[in-house]
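> Right, I'll just put the structure down here and ask away after.
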Amino acid sequence: MSTQSVHHSCDVLIVGAGMSGLFAAWRLLNHKPDLNVVIVDKLNRTGGRLQTTTVSIRGTDGNDYDVDNEEGGMRFVPEGTGMPNLWRLFHELNLQPIPFPMGDENNRYFIRGRSFTKSKTPIIWQFMYNLAPQEQNKQPGDIFGEVLAAILAENKDLYTVAAGQTFPSTPDQWIQFRNTFTYKGVALHSWGLWTLLQEYGLTQECINWLDQAIGFMGPVDAFINAGEGLQIILDFPSAASFFTLPGGYQTLPDCLEHQIIQLGGDIILNKTIDSITDKGDYKLATGEGINYRAKQVILALPRKAIEKLADASPALHHDHKFMEAVGSVHNMELTKIGLYFDQRWWHDPAYGINISSGPSFSDLPAGSVYAFAHDPANPEADQKYNGPAALTIYTDFIRGNFWKELQNMGEPYHTVAFPDNPDNTQAATTPLVKEAMRLIKTIFGLNPDTAVPEPVLSTYRIWGQGEFGYGYHQYKLNVDDRQVYKSIWNPASGIYVCNEAWSPEQGWVEGSLLATEHVLQQGFKLDPFSAPHQDSPVVSTSRTINQY
Numbered sequence: 001m002s003t004q005s006v007h008h009s010c011d012v013l014i015v016g017a018g019m020s021g022l023f024a025a026w027r028l029l030n031h032k033p034d035l036n037v038v039i040v041d042k043l044n045r046t047g048g049r050l051q052t053t054t055v056s057i058r059g060t061d062g063n064d065y066d067v068d069n070e071e072g073g074m075r076f077v078p079e080g081t082g083m084p085n086l087w088r089l090f091h092e093l094n095l096q097p098i099p100f101p102m103g104d105e106n107n108r109y110f111i112r113g114r115s116f117t118k119s120k121t122p123i124i125w126q127f128m129y130n131l132a133p134q135e136q137n138k139q140p141g142d143i144f145g146e147v148l149a150a151i152l153a154e155n156k157d158l159y160t161v162a163a164g165q166t167f168p169s170t171p172d173q174w175i176q177f178r179n180t181f182t183y184k185g186v187a188l189h190s191w192g193l194w195t196l197l198q199e200y201g202l203t204q205e206c207i208n209w210l211d212q213a214i215g216f217m218g219p220v221d222a223f224i225n226a227g228e229g230l231q232i233i234l235d236f237p238s239a240a241s242f243f244t245l246p247g248g249y250q251t252l253p254d255c256l257e258h259q260i261i262q263l264g265g266d267i268i269l270n271k272t273i274d275s276i277t278d279k280g281d282y283k284l285a286t287g288e289g290i291n292y293r294a295k296q297v298i299l300a301l302p303r304k305a306i307e308k309l310a311d312a313s314p315a316l317h318h319d320h321k322f323m324e325a326v327g328s329v330h331n332m333e334l335t336k337i338g339l340y341f342d343q344r345w346w347h348d349p350a351y352g353i354n355i356s357s358g359p360s361f362s363d364l365p366a367g368s369v370y371a372f373a374h375d376p377a378n379p380e381a382d383q384k385y386n387g388p389a390a391l392t393i394y395t396d397f398i399r400g401n402f403w404k405e406l407q408n409m410g411e412p413y414h415t416v417a418f419p420d421n422p423d424n425t426q427a428a429t430t431p432l433v434k435e436a437m438r439l440i441k442t443i444f445g446l447n448p449d450t451a452v453p454e455p456v457l458s459t460y461r462i463w464g465q466g467e468f469g470y471g472y473h474q475y476k477l478n479v480d481d482r483q484v485y486k487s488i489w490n491p492a493s494g495i496y497v498c499n500e501a502w503s504p505e506q507g508w509v510e511g512s513l514l515a516t517e518h519v520l521q522q523g524f525k526l527d528p529f530s531a532p533h534q535d536s537p538v539v540s541t542s543r544t545i546n547q548y
């Protein structure tokens, strides 16, 4: 891999070294080993929104322990319940996923000034919200399930489902659901979720409860269509089961990067492509100090980067349908604050919290606080472990503004153990860390003045700010994404676009692989990488969305 050398001509130039770009290069080189493939990325690393920070922390016992934390994507569904392209990729790369536990009855909520464990739900909700009788003694997932059932009942003639299955479960079914189903005669993609929930008959108190209890504001509060909102919510059922990779999710792009180089591909980092010009027999890609002639170009970029590139690229911005498709998605900002400790105090019986993994949700600016299992493959050993570990504040939408304000004040948070931050991370400021700790203790049911171990390291990341793309994307109101797929993938001869942003599985790596597969099959005539998505009994019982 090089950060300086420039190949001035190639068969295929791929702009973007995230999962779409890496997967495209890997597939092309495996299909045709003599192909000259070059990937260019503006960052100094590959992986895009998959980035794992791994640090060695000395525990209170004097031993050193590796602690992994995700700056970006964290998890994926179990094999057989969806994401067939991703699971096929794991097998091809000989990667062995491990469980990503999502906690238990000890995980907590902090809502309307009260901290309580998950075990107190659903009974406690009716004492905290002025819920109508038909809204009581239920979990948020129950309410969303009832709304979904009402929509399906109105559209019962538009679909069939085998015994033991549920609808929608596959990406094709979700596309059909969003774009052909109606609620009270109006297409789902023309409803916002807030107004649809109100029209269904939920009280505003119930809608407030749903908005606050799911941990994220985007699905209800962002200007996206209701079909999108329901899909992203049902991605996380109450009995969710997920997996990750040993050493972190970045293991996947790292492995692809290694194989691409072994196959003869080249990866150029710290270089930005500013414009693409169609010269007929070749495409001219230019940037500061670089000039590529390529027979074909794949733009493996999300909306933010495509729009910037299109401004200086007539081949892109002259295609009005393409530019409409680019703008069909809403950029969804995500904030992640990582706090690393020399002891897993939230799991220590001395503090009475006993959280081992998974999210705790709140209506505070922290949104959700994630803990992570130390040894997910060995629950018994994990239960005994109280050594170095990390917590992550994970929040979205306007809550990120609160943390931006705090990040604007004070000096970076550093300690004797970590006088500098790891590469490719930014330290949170001292005022931000102080407030983060206050909110974490509050969510965990402690007095904010309770003495607990202080972080030895902090990281701060806003996906959507500065050089980083947005965390994920969602289709806007009135967008029929069937038309988007037709317009986005091939804006000009020999120029292709693929990214999670314009896929049926937005927000997931599988979405990136799907969009890339469409380009590779249609534009490069490659055979499908995996079998089509199938309905699954596991999907039907968990309501985890099958991934396209």
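Using the UniProt record's numbering, you'd call the opening residue of the sequence shown number 1 and step up by one each time. A virtual CB, placed ideally from N, CA and C, is assigned to each residue, including glycine.
Report the CB separation of I175 from W194 in whole angstroms; it is logged as a contact under 8 Å.
With a Cβ gap of about 23 Å, I175 and W194 do not count as contacting.
> Helix, strand or coil for Y370 per DSSP?
strand
> What number of angstroms, rounded off, separates the C-alpha of M19 from the C-alpha of V509?
7 Å
> Please check if any C-beta of chain C sits within less than 9 Å of the C-beta of L234.
The structure shown contains no chain C; it is built from a single protein chain.
> Do the CB positions of E228 and H189 come within less than 9 Å of each other?
yes
> Looking at C-beta atoms only, is the number of pairs between the stretch 287-297 and the stretch 60-73 that lie closer than 8 Å three or more?
no
> Mapping DSSP to helix, strand and coil, what is M323?
helix
> Could you check where the beta strand (DSSP E) with K283 kicks off and where it finishes?
K283 to G287
> Have a look at G469, W502 and L477 and flag the residue whose alpha-carbon is nearest the alpha-carbon of G48.
G469
> Do you know offhand how far D319's Cα is from L28's?
Computed Cα separation, rounded: 27 Å.
> Between T429 and E411, is the Cβ-Cβ spacing less than 9 Å?
yes
> Quick one: grab the DSSP three-state call for M83.
coil
> Are the stretch 239-259 and the stretch 484-501 touching, with three or more C-beta to C-beta distances below 8 Å?
no
> In the DSSP output, which residue or residues are listed as bridge partners for F177?
Paired residue(s): none; F177 is not in a bridge.
> Alpha helix (DSSP H) containing T430: first to last residue?
T430 to I443
> Quick one: measure Cβ to Cβ for G248 and T459, integer angstroms, because I've assumed they're closer than 8 Å.
With 8 Å as the limit, G248 and T459 do not qualify as a contact, their Cβ atoms being about 13 Å apart.
> Work out the CA separation of E199 and A17 for me, nearest whole Å.
44 Å
> Starting from C255 and walking both ways along the alpha helix (DSSP H), at which residues does that stretch end?
T251 to Q262
> Is the CB-CB distance between K118 and N107 below 9 Å?
yes
> Just to confirm, are V40 and I290 a CB contact at a threshold of 9 Å?
Cβ distance < 9 Å, so V40 and I290 count as in contact.
> For F100, which residues of its own chain have a beta-carbon under 6 Å away from its beta-carbon, when the five flanking residues on both sides are left out?
R75, F242, F243 and T244
> Can you tell me whether Y548 is buried or exposed? The criterion is at least 16 other CB atoms within 10 Å of its CB, across all chains shown.
Any reading at Y548 must be qualified, since the residue scores a pLDDT of 22, below 50, and its modelled position is unreliable; no value is offered.
> For the stretch 44-129, which segments carrying the alpha helix (DSSP H) assignment without a break, of at least 4 residues, lie completely within its bounds, in sequence order?
84-92 and 125-128
> With a 10 Å radius around its C-beta and 16 neighbouring C-beta atoms as the bar for buried, classify K441 as buried or exposed.
buried
> Three-state secondary structure (DSSP) at H330?
DSSP, reduced to helix, strand and coil, places H330 within a strand of the structure shown.
> Please report the Cβ distance between T277 and A310, rounded to the nearest whole angstrom; I am assuming they are in contact, meaning their Cβ atoms lie under 8 Å.
Not really, about 12 Å apart at Cβ, beyond 8 Å.
> What would DSSP say about D34, mapped onto helix, strand or coil?
coil
> Can you tell me which of E405, G62, K486 and G464 puts its alpha carbon nearest to the alpha carbon of K304?
G464
> Since A389 contacts R344 with CB under 8 Å, what's their CB separation in whole angstroms?
4 Å
> For the beta strand (DSSP E) containing G473, name the first residue and the last one.
Note that residue 473 is His in the sequence shown, not Gly. H473 -> beta strand (DSSP E) spans Y472 to Y475.
> Touch check for the stretch 374-382 and the stretch 326-335: three-plus C-beta pairs under 8 Å?
no
> How many angstroms separate the CA atom of I443 from the CA atom of F402?
Their Cα atoms are separated by approximately 17 Å.
> Leaving out the 5 sequence neighbours to the left and right, which residues in its chain are closer than 6 Å to V38 when beta-carbon positions are compared?
Cβ neighbours of V38 beyond the five flanking positions: H7, C10, L13 and D266.
> Exposed or buried, which one is Q262 when buried takes at least 16 other CB atoms within 10 Å?
exposed
> Give a yes or no on contact between the stretch 445-460 and the stretch 473-481, applying the rule of three or more CB pairs nearer than 8 Å.
no
> Across which residues does DSSP place K336 in a beta bridge pair?
Note: K336 sits in a beta bridge opposite Y394 and R461.
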